[in-house]
Structures are given as structure tokens and as C-alpha cells.
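To convert, count from 1 in the sequence shown and add 111; that's this note's numbering.
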Amino acid sequence: MAQRKHLDNFLCGRIIGRLECGRTQLEVSEELGITQSVISRLWQRFQENDNVSRCYSTGHPLSYNAK
Numbered sequence: 112m113a114q115r116k117h118l119d120n121f122l123c124g125r126i127i128g129r130l131e132c133g134r135t136q137l138e139v140s141e142e143l144g145i146t147q148s149v150i151s152r153l154w155q156r157f158q159e160n161d162n163v164s165r166c167y168s169t170g171h172p173l174s175y176n177a178k
């Protein structure tokens, strides 16, 4: 099984910059050695939110108990 590794903000910026300059997702993927699906998800998130930062969470949702 492949090891998952989060992209740091600097690398995300490099990816977005290359895509904004007109390179294709496949070209960026091959240049940086990152799968095209990761590039695609990052680009989609950037276009929706104008942001590439990950949302950090503790792993379980907040519980609101009304008593």
C-alpha cells in the first residue's frame, strides 16, 4: 500500500502557479511526480474556495447535547 503524504503549502502554490500559467494537470503531474488525481483535487478545491489550505480537524465531529 502506498504511503500517503500531505502536500505542504509551498508545493501547493507551485502546482497552482503552473496550472494558472497554462500547463495541463498531466504536465504538472509528470514534472513534480505527483499523481494526476491529486493535482485535479487540489485544482478543484482552489477554484471553489480560492484557497488550497486543508481543513484540520480532530477526527470526530462535535457533539451538541441539548438537555
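Glycine residues also receive a C-beta, built at the ideal position from the N, C-alpha and C atoms. Bear in mind that the values here come from a model prediction, so they are computed numbers and not experimental data.
E138 and T146 have their C-alpha atoms spaced approximately 11 Å apart. Between L153 and C132, the gap from beta carbon to beta carbon reaches 8 Å or more.
Inter-residue distance for E142 and I150 is about 12 Å (C-alpha atoms, whole angstroms).
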